[in-house]
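Under our numbering, the first residue of the sequence shown is numbered 150, with each subsequent residue one higher. What follows is a set of notes on a single structure, which appears directly below.
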Amino acid sequence: MTENEVYEFYSLRVKVAYSEVEARCNELPVELLFEIHSAFDHLKRYHLGEDTEERASEKAYSHLKRGVLDAYKLKLKYHNVDYKELFIGNQDLKLIDSGKVLPDALKMHSRIVKCAKEARIGEGNNDNEVAFEKWYETSVLIDEFEDKYFDSEKIVWAKNQGVFQFRANFVVGIVTGVIASAIFSLIMWLI
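See below:
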């Protein structure tokens with residue numbers, strides 16, 4: 150492995166993954182910073198003549214890879230928080246796209262969970278390449294899910310429709326109760 154390959158991996162995978170995590174809370178978890186720091190410390194050793202390029206690059210790559218894995222796991226954690234907040238117990242979502250959104254979203258979320266499980270199993274079996282690729286796939290699925298289902302306009306519309314239906318049902322219930330009471334009173338007066 151070369152230093153250039155480390156930088157390519159950093160640009161294509163590390164920066165993207167940690168930017169997604171950082172954008173979530175406007176802060177970068179310290180674990181990711183430690184891995185990035187350690188990676189560049191190994192590259193420094195190559196430039197100071199303390200290590201070969203190949204050995205320093207492999208160690209740096211290893212640290213960056215661990216950091217990306219942590220970022221993917223955090224991304225899944227944040228996604229699950231958002232998913233629960235938006236989808237669990239939210240009956241208003243049945244109003245979006247004639248009720249198709251909720252089952253489709255549940256199916257896609259199931260794919261995300263399945264892929265993350267496969268990644269964890271890969272880690273447990275010390276199959277780091279499979280685990281890494283499955284975590285990357287999980288990250289891509291999360292992006293697709295959020296692009297497709299976290300559409301605020303449709304969600305706001307559904308909530309407004311749900312509130313409107315609740316109010317309409319409430320008013321109809323009160324009017325029905327008043328009419329029923331009047332009819333009952335009239336019947337009792339006639340008897």
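Positions of the beta carbon are idealized from the N, C-alpha and C atoms, including for glycine.
Checklist entry - Thr325 by DSSP, collapsed to three states: which one? => result In the sequence shown, residue 325 corresponds to position 176, counting from 1. Three-state result, Thr325: helix.
Item to check | Cα-Cα separation, Leu182 to His212 | outcome: Walking along the sequence shown from the start, residue 182 turns up at place 33. Walking along the sequence shown from the start, residue 212 turns up at place 63. Rounded to the nearest angstrom, the two C-alpha atoms are 10 Å apart.
Item to check | Contacting residues, own chain, Cβ-Cβ under 7 Å from Leu223 (five flanking each side not counted) | outcome: As a position in the sequence shown, residue 223 is number 74, starting the count at 1. Excluding sequence neighbours, Leu223 sits near Val170, Pro178.
Item to check | Nearest-angstrom beta carbon gap, Glu202 and Thr151 [assumed within contact, 8 Å] | outcome: Here the question's residue 151 lines up with position 2 in the sequence shown. Here the question's residue 202 lines up with position 53 in the sequence shown. Contact holds; Cβ gap of about 6 Å.
Next on the checklist: Out of Leu290, Ile291, Asp292, Ala265, which one is the CA nearest neighbour of Val279?
Outcome noted: For the purposes of this step, residue 279 is identified with residue 130 of the sequence shown, where counting begins at 1. Ranking Leu290, Ile291, Asp292, Ala265 by Cα distance to Val279 puts Ala265 first.
Item to check | Cβ shell of Glu207 (< 7 Å), same chain only, five flanking positions each side left out | outcome: Locating residue 207 in the sequence shown gives position 58, counting from the first residue. So the qualifying residues of the chain are Met150.
Checklist entry - If you scan the region 173 to 211 from start to end, which runs of the alpha helix (DSSP H) of 4 or more residues do you find wholly inside it? => result 179 to 196
Item to check | Where Asp219 falls: helix, strand or coil (DSSP) | outcome: To locate residue 219, count along the sequence shown from 1; it is residue 70. In this structure, Asp219 counts as helix in the three-state DSSP scheme.
Next on the checklist: Rounding to the nearest angstrom, what Cα-Cα distance links Ala209 and Tyr227 in this structure?
Outcome noted: What you label residue 209 is simply residue 60 of the sequence shown in a count that begins at 1. What you label residue 227 is simply residue 78 of the sequence shown in a count that begins at 1. Each residue's Cα considered, the two are about 27 Å apart.
Checklist entry - Between which two residues does the alpha helix (DSSP H) harbouring Asn153 extend? => result Position 4 of the sequence shown holds residue 153. Its alpha helix (DSSP H) spans residues 152 to 158.
Next on the checklist: Can you check which of these residues, Gly271, Gly273, Phe236, is closest to Lys256 by C-alpha distance?
Outcome noted: For the purposes of this step, residue 256 is taken as residue 107 along the sequence shown, with counting starting at 1. Ranking the options by Cα distance to Lys256, first place goes to Phe236.
Item to check | Supposed contact pair Val217 and Arg162 - C-beta distance, whole angstroms, cut 8 Å | outcome: Numbered from its first residue, the sequence shown carries residue 162 at position 13. Numbered from its first residue, the sequence shown carries residue 217 at position 68. So it is a contact: roughly 5 Å between Cβ atoms.
Item to check | Endpoints, alpha helix (DSSP H) assigned at Asn277 | outcome: Taking the first residue of the sequence shown as 1, we reach residue 277 at position 128. Element bounds for Asn277: 277 to 298.
Item to check | Beta-carbon proximity check, Tyr285 vs Tyr221, cutoff 8 Å | outcome: Here residue 285 is taken as the residue at index 136 of the sequence shown, counted from 1. Here residue 221 is taken as the residue at index 72 of the sequence shown, counted from 1. Taking 8 Å as the Cβ cut-off, Tyr285 and Tyr221 qualify as a contacting pair.
Next on the checklist: Looking only at its chain, what residues have a beta carbon closer than 7 Å to the beta carbon of Phe294, apart from the 5 residues adjacent to it on each side?
Outcome noted: As a working note, residue 294 is residue 145 in the sequence shown. The answer, listed in chain order, is Met257, His258, Ile261.
Next on the checklist: Just verifying my parser: in three-state terms, what is the DSSP assignment at Asn229?
Outcome noted: Mapped onto the sequence shown, residue 229 falls at position 80. If DSSP states are grouped into helix, strand and coil, Asn229 belongs with the helices.
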